[in-house]
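Input: a single structure, listed below in structure tokens.
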Amino acid sequence: MTTTELGTVLEFAGVTKAFGGNSVLTDVTLEVRPGFTGLIGPNGAGKTTCLNCVSGYLQPDSGEVRVAGQDVLGRSPAAVARLGVSRTFQTPRLIPNLTAVENVMVGGGRHHRQGHIAELFGLPGARRDEQEQREKARALLETFGLGEHPDRAANQFPIGSQKIVEVARALLNEPVLVLLDEPAAGLGAEDVDTLVEGLNGWLGEHPGAAVMIIEHDLELITRLCPTAAVLHFGRILLTGPPREVLRDPVVVEAYLGAEVAAGD
Amino acid sequence: MLQTIVSGLEAGSWFALLGLAIVVVMKAADVPNFAMAEMGLVATYVGISMSGTGAPFWLCVLVTLVAGVVIGVVIDVALMRRLSKYGHFPLLLMTIGLSLALNALIGLVWGHAPRSFPAPWSGASVQLGGGVSIGVPQIVTIVVGLVGAVAITLFFRTGTGAQMRAVAENRATARLIGVDAGRLSAIAWGVGGLIAALTVMLQAQSALVSTLSPTSLIIYGFVAATMGAFTSLIGTFVGGLVLGLIQQFVGTYLSTAAQFSVALLVVFLVLVLRPDGFTRSVRLRDV
Amino acid sequence: MLLEIEDARTGYGGLEVLHGVSLQVAEGEIVTVLGPNGTGKTSLMRLLSGTLPLWSGKIVFDGADLGRLPPNKRARLGLCQLPEGRGIFQTLTVGENLDLGLSARKVSAGAARKDRDEVLEIFPELADRLDQSASSLSGGQQQMLALGRALMSRPRLLLIDELSFGLAPRIVRDLFDVVRRLRESGVTFLIVEQQSAALKVSDRTYILRGGRNELTRDSAELLASDELVTSYLR
Amino acid sequence: MSETTRETETTETAVPPAAPVVGTAAIGAGISANAGASSAAQRGSALRKGIVAVAALVLLFAVPFVANAYLVFVVGLTLVYAVSTLGFNLLVGWSGQIGLAHAAMFAVGAYGSAVGIAHGIPFIVTIPLAGIGAALLAVVIGAPAIRLRGFFLAIATLALGMAIVELITFAAPITGGGAGMSVEVFTLPGITGSASTYFVILVVAAIMFFLVRRALIGRFGRTLQAVRDLGQLSGSLGVSPLRYRLVAFGLSGFIAAVAGTLYAQLQTFIFPAMFQMNLLVPMLVMVFVGGAGSLWGPLVGAAFAVVLIELFQDLGDQQAIAYGVLLMVVIAVLPGGLTSLWRTVRDSRLGARLRRAR
Amino acid sequence: GSSGGGSAEAPPGVTQDEIKIGATLPLTGTAAVSGQGLQAGIQIAVKEINDAGGIGGRKLNPILLDDGYTADRVVTNVRRLVSQEKVYSIVAPAGSQGLPGTWQFIAQNKTPVWGPISPADPKQSEVYLLSATRTSQDEVAIDYFAKLGAKRLGVIQQDNDLGVSAKAALAAQLPKHPDMQVVANETTQAGNTEVSSAVNKVVAAKPDAVLLAEDNTSVALILKQLRAQGFTGPVFADQGGAGTGGTSTVGPAGDAAEGFLAGMQADTVSTNNPDVEHWRTLAKASGLPQAESGFSLQTYSFVKAFAELVKRMGSDLSYTNFTKTAEGLKSNPIAVGSIPPIECGPLPDGHTCAVQAGIAKYTGGKWTVALPFTAPV
Ligand SMILES: Nc1ncnc2c1ncn2[C@@H]1O[C@H](COP(=O)(O)OP(=O)(O)OP(=O)(O)O)[C@@H](O)[C@H]1O
Ligand SMILES: Nc1ncnc2c1ncn2[C@@H]1O[C@H](COP(=O)(O)OP(=O)(O)OP(=O)(O)O)[C@@H](O)[C@H]1O
Ligand SMILES: CC(C)C[C@H](N)C(=O)O
Ligand SMILES: [Mg+2]
Ligand SMILES: [Mg+2]
């Protein structure tokens with residue numbers, strides 16, 4: 003699953019999706035290349051629905067979704083994940099009783115070389131695997147500013163931190179494509195900084211990977227993403243560098259509200 | 016054939032009513048109550064004891080039903096409420112413990128011998144052509160079951176329905192927005208106890224009840240509730256009746272030995288083919 | 651004072667997270683609480699709504715000691731919370747969720763319909779989804795629903811844990827307008843926020859750090875002070 | 058445990074607040090595993106744990122030398138139930154599926170072994186054979202059932218379980234039908250019957266505990282919990298939830314049947330009525346009282362169920378009520394099961410004060 | 022485990038002034054009514070024997086354990102009685118289905134089991150059956166039906182040992198009554214109180230007589246339903262299911278019990294047989310629950326027979342002598358009066374000490390003898 007430099011990692015081609023007559027995505031066509039891509043748009047525009055179409059939870063009514071050239075339609079979420087697609091959820095979904103580290107480790111299934119049987123009998127390879135994953139998970143948490151309490155149960159973290167644990171979980175898998183659904187919601191300014199640095203650092207080490215971020219914190223989008231796509235009423239309104247996109251009058255009207263555009 | 020149908024509907028009414036009691040409690044308290052049949056049995060035994068003192072029949076009926084309500088409310092207030100925040104397991108286990116304790120208590124107080132609830136129409140039957148005779152208690156059960164089901168359904172049509180479901184989904188959040196969860200769950204448990212008392216009383220009028228009878232009754236009740244997807248009152252009621260008919264027909268035309276398993280297997284097939292029971296499903300978006 | 655918190659302590663199990671927080675809100679005020687992630691803002695909200703027990707200290711609402719009053723009774727006093735994570739009832743429809751806001755007060759059917767219409771005017775997105783399962787809403791729509799439900803209860807004091815959570819910038823902006831408008835009609839607000847935009851609508855700001863009061867200022871003053879903005883906001 | 062509610066329940070933790078904590082925690086069967094002592098609490102020196110385990114084993118090994126046949130039997134029975142609960146807990150507590158065919162799988166093990174022995178297969182060989190047979194059967198049952206959730210799963214598996222026991226009754230020529238069949242007891246050379254049975258049980262139980270613990274504290278256990286708490290969302294972690302659910306069915310069937318083979322040896326006479334609701338309910342109690350989703354819960358739960366009944370013998374006809382009431386008290390005080398005692402104390406204010414005082 | 026056996030060895034549970042005996046009984050659970058009766062009988066007999074100075078100066082010390090009518094607790098209890106309490110003999114334990122699970126253990130320990138309540142015959146040297154098995158009772162009942170002229174037989178049986186007993190009886194006796202045929206044979210599930218379709222089917226087959234192999238509750242239920250559907254012919258159940266002499270079945274059945282036929286392992290409780298009268302006085306005086314039931318009379322008689330046997334053993338209480346004395350009864354049976362004479366045959370057929378069963382009839386609220394003790398033909 004190697005992607006050529008600057009090749010397309012994720013591709014939507016004419017994706018359409020409706021729920022009981024309500025059209026949510028209309029002919030969405032989009033290319034996501036290695037690096038960061040922002041996906042922004044008003045509430046209910048269909049951003050999360052786009053992600054769900056990639057990760058196998060929804061099947062588009064028509065159109066195609068390809069990851070690294072492979073069609074994902076008809077694949078189960080697990081099969082899509084095995085293509086190297088990781089994601090976070092808009093409302094964080096952690097395993098409440100596991101610690102933060104263990105929650106992150108759950109994301110690493112793709113890179114275990116040893117099967118459960120080897121693990122059962124404590125074979126050295128399996129132990130090494132486990133150890134490596136644990137260290138990697140700790141390092142990731144550290145990167146994202148949660149190094150302090152890695153062994154606390156996940157349900158004891160404030161909601162913002164839970165989202166960050168999810169980000170770390172998504173990254174452990176060494177994914178080709180990372181889909182982040184509002185990772186910064188509920189975070190304070192300092193934590194957003196940490197998140198941005200962490201993501202930048204990670205991408206630096208994984209230059210072939212693509213990260214698609216859905217976010218309403220536009221500052222984060224402008225800081226991270228060279229390109230952003232605007233989704234509006236299920237259609238891609240325009241794509242381009244965030245600063246330009248955010249100056250577009252339609253975007254301003256629909257998404258930002260007049261004053262913001264003028265002010266910020 | 017007619018005999019089979021009537022017997023099936025009679026047993027089906029018990030199953031359906033107990034299923035309703037289970038669903039009602041499930042609706043507001045989200046507890047799978049394994050002690051439901053025992054609750055009804057205690058209430059019924061209170062009524063039977065009462066009628067042993069020569070009290071008039073209708074007074075005994077009233078006492079039985081009131082006892083059912085009281086038992087339900089007391090159980091909710093004393094045992095269930097404070098556990099609700101810990102999720103399902105403790106609640107489920109509590110009802111199991113309760114069913115064991117209640118069963119033993121009944122044994123201590125009233126003994127284990129089967130009993131019946133003497134009704135003015137006990138033993139009376141209607142002769143139909145072809146040697147078929149139908150017991151009046153059977154007819155009473157079917158009619159009362161139907162009326163009871165309609166009454167309960169109407170009761171839950173009232174505005175409290177959504178509040179109850181909110182409490183069941185998340186009691187803490189419901190209280191946060193001002194829902195009096197305590198009152199609602201007490202109502203649910205009270206109504207549940209009432210229906211359970213009614214069920215077992217009906218059973219005791221046409222058949223026999225003892226500390227042994229809750230075991231099979233509760234399974235049938237749960238199966239009926241399952242057919243109603245644990246949410247639909249009508250689905251549960253119909254499910255219970257259908258279950259009663261299925262097992263009666265299996266007994267009559269296949270084998271009485273396999274009656275229970277075949278009835279359950281039919282339910283299994285229904286579930287596999289219609290994973291949401293007899294009701295229209297609420298599909299939730301979880302991503 | 652509508653709400654007075656005095657040296658309140660609380661926590662989870664054996665873990666104390668608020669080590670004596672004091673706070674006052676006057677009738678008709680908009681007060682914000684700021685603080686870094688994990689500092690105990692949500693815990694403060696839970697304490698006020700009665701989902702976390704008060705270990706020591708005092709909470710007085712409208713002259714009455716809240717003590718161990720259960721959450722639903724507090725809601726009936728007009729103390730309404732929009733909880734972190736929204737607290738939408740997923741198995742209910744959008745309309746049912748909205749109407750649940752009426753649980754905290756007695757109201758005629760007509761008045762209820764009027765209130766609902768008002769709320770739907772603020773959140774038109776919800777209007778054509780009333781019969782849809784609440785779980786099918788998008789994240790932001792759910793946040794609107796939660797807020798709409800809270801408004802349905804006509805609270806005297808509305809506690810909002812992260813108003814802007816998951817909302818598009820324009821909606822946030824509109825909502826701050828709504829907050830201002832509601833204040834005119836007599837609602838008092840205590841808002842936990844991460845966004846500095848909140849300061850623009852609020853009168854006073856408390857900054858919490860590590861479960862303690864760190865600073866209390868007029869919001870305008872705080873916004874004007876560059877130093878404070880860079881160290882606490884941005 | 059209504060299906061719909063299940064899916065969206067915001068998990069409440071053992072901590073009171075209406076924490077909208079971790080999203081849809083309970084997707085699977087609606088199990089917000091309250092115990093989950095699994096991981097956070099599992100730290101500590103492996104060496105110390107090893108020593109405790111060995112010491113416990115030595116103690117258990119000594120039982121037949123110091124105790125009479127009755128006590129040996131009671132301890133043996135506890136171990137058998139503990140093994141069975143190990144499997145049940147894996148299914149219910151860890152994978153979050155309330156599959157109620159467990160008593161039937163236990164019966165399959167007992168009958169499989171008994172019939173096998175009657176046909177000349179050595180007892181020891183029947184243990185894995187019965188286990189594998191039951192595992193296959195469990196997978197066959199599980200295949201249609203894993204798509205069902207919560208109570209639908211419970212009722213469906215209950216139905217299949219009852220049908221299996223009924224089949225055993227029908228297969229009278231092989232199984233003796235409703236009248237039951239006696240089981241030829243295996244004896245180790247030079248050791249009397251009951252002690253011999255006991256040693257076999259102890260060894261098998263130790264192996265099962267070791268392996269299951271091994272599996273659950275590692276990646277497999279974490280994945281099961283992910284499947285339990287995240288349901289289909291675990292798919293995005295590269296986990297196939299249906300596959301793991303099915304594997305949990307198979308494994309629990311295997312373990313139940315292994316326990317069943319041992320049970321047959323203890324009872325020496327088995328009949329179908331032993332394996333119906335009257336067994337299933339105590340089995341559930343063992344899972345929950347021990348602590349669903351915990352590692353040592355099965356042992357504690359089994360001991361609770363077996364030993365307590367023996368202790369209550371002297372209460373005569375009041376013992377049933379004493380048992381029920383005690384059960385209720387335990388749940389009221391420790392909703393997460395007996396094994397949550399330690400955590401409850403640790404996380405309480407009292408515990409915090411004690412720690413500070415130290 | 023230890024072996025009790027050899028003649029030289031002193032048997033367990035016997036001291037200068039005491040003999041420990043034990044039993045496991047369903048004091049709680051579904052068979053609790055029967056269990057209470059069984060318990061009362063043992064206690065009445067023990068009190069009478071001890072008040073009279075015991076057996077050769079040794080008083081009986083009964084250890085009665087509750088098994089809740091579950092198999093694994095029966096097995097546990099027997100182990101406890103033998104290994105922990107070290108009883109001399111197990112006397113009159115309930116014959117619930119768990120008892121066969123103890124036979125191997127009993128064989129290892131050589132502990133005599135005296136008078137278990139209606140189990141299937143294990144044909145084992147340590148087990149002394151003092152009353153007709155369910156199969157024998159059913160056989161007697163089939164003969165009796167034949168005598169009454171019944172040609173069409175309806176059967177309702179449970180899917181457990183009760184049903185198996187009935188099957189065995191049918192297999193043995195039907196060939197002997199060529200003009201009798203089974204027109205309906207329904208099986209119900211133990212523990213399930215849903216019996217109506219079985220009843221419907223049996224009634225539809227228009228039988229002359231109905232044989233039940235069911236537990237107390239089910240028998241009562243079936244009786245009620247049979248009568249409600251207009252079936253008026255004879256209905257029979259064995260002693261265990263009929264609660265013969267007591268009220269555990271006929272009480273709940275109410276009016277439907279009129280004319281009900283029941284197996285008799287001990288004499289009916291209300292006859293003027295002097296031995297029964299004697300028991301009746303003691304039972305009434307005891308005030309124990311179910312003391313006046315047929316189950317009580319049965320265990321009372323078994324304990325009395327046990328005392329008589331031990332008396333006959335003289336000073337040698339070894340198990341060898343126990344067997345010898347018991348086998349010697351062939352020539353000089355123990356006659357308690359309330360049960361058929363006890364004459365234990367020697368091995369290899371086990372110690373089947375009584376095969377005769379009687380039939381009692383419940384009329385006008387009283388149990389009367391319909392057929393005195395007879396062996397099946
Ligand atoms: N299962 C469903 N059934 C019906 N409508 C749905 C369903 N899922 C999504 N929708 C609708 O589709 C639209 C898009 O939802 P989506 O979650 O993709 O929005 P979004 O862009 O992620 O918005 P937000 O920023 O608020 O999260 C919304 O109007 C929502 O109500
Ligand atoms: N259920 C819980 N159990 C144990 N500790 C908890 C629990 N919930 C929160 N905490 C702890 O309490 C502290 C305060 O958390 P709180 O959620 O109040 O912070 P917050 O200020 O609202 O953070 P955020 O801005 O991220 O929402 C944190 O350290 C957190 O780890
Ligand atoms: C001996 C008794 C325990 C028998 C029991 N009453 C039964 O119906 O089988
Ligand atoms: Mg979204
Ligand atoms: Mg917070």
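Protein chains in written order, with my numbering: chain A, 3 to 266; chain X, 16 to 302; chain U, 651 to 884; chain C, 58 to 415; chain B, 22 to 398. Note that beta-carbon positions come from the ideal geometry of N, C-alpha and C, so glycine has one too.
Which residues does DSSP list as the beta-bridge partners of residue i?
i	result
U:ASP712	Answer by DSSP bridge pairing: none, since U:ASP712 is not bridged.
B:LYS188	Paired residue(s): none; B:LYS188 is not in a bridge.
B:TYR149	B:TRP135, B:HIS372
What in chain A is Cβ-close to residue i, meaning under 9 Å?
i	result
U:GLU771	Ordered by position in chain A, no residue passes the 9 Å Cβ test against U:GLU771, which lies about 17 Å from the chain.
Excluding the five sequence neighbours on either side, which residues of its own chain have a C-beta within less than 6 Å of the C-beta of residue i, listed in chain order?
i	result
B:ASN342	MET334
B:HIS198	ALA167
B:PRO273	ALA241
B:ALA356	PRO362
A:THR145	GLY200
Determine whether the Cβ of residue i lies closer than 8 Å to any Cβ atom of chain C.
i	result
U:GLY940	The requested residue 940 of chain U does not occur in the structure, where chain U is confined to residues 651 to 884.
A:GLY16	no
A:LEU122	yes
B:VAL96	yes
B:VAL185	yes
Keeping to the same chain, check which residues put their C-beta closer than 8 Å to that of residue i; ignore five residues upstream and five downstream.
i	result
B:VAL108	PRO33, GLY34, LYS41, ILE42, GLY43, ILE84, LEU102, THR132
How about residue i: is its C-beta nearer than 8 Å to some C-beta of chain X?
i	result
U:GLN740	yes
U:ALA754	yes
Using C-beta distances below 7 Å, list every residue in its chain close to residue i, excluding the 5 sequence neighbours before and after it, in chain order.
i	result
U:GLY690	VAL667, LEU668, LEU858, GLY861
X:MET179	LYS42, ALA43, LEU199, ALA203
A:PRO228	GLY37, PHE38, PRO243
Do we get a CB-CB distance below 8 Å when we pair residue i with the residues of chain B?
i	result
X:SER64	no
C:ALA236	yes
Decide if residue i is buried, meaning its Cβ has at least 16 other Cβ atoms within 10 Å, or exposed.
i	result
A:LYS49	buried
A:GLY188	buried
X:ALA143	A small correction: the amino acid at residue 143 of chain X is Leu; Ala does not occupy that position in the sequence shown. The residue in question, X:LEU143, is exposed, as its Cβ has fewer than 16 Cβ neighbours within 10 Å.
B:GLN210	buried
Using a Cβ cut-off of 8 Å (strictly closer), state whether residue i contacts chain U.
i	result
A:ILE161	yes
So which residues of chain U does residue i contact, with C-beta pairs closer than 7 Å?
i	result
C:ASP404	GLY663, GLY664
Output, in chain order, the set of chain C residues within a Cβ distance shorter than 7 Å of residue i.
i	result
A:VAL108	ARG279, THR280, ALA283, LEU294
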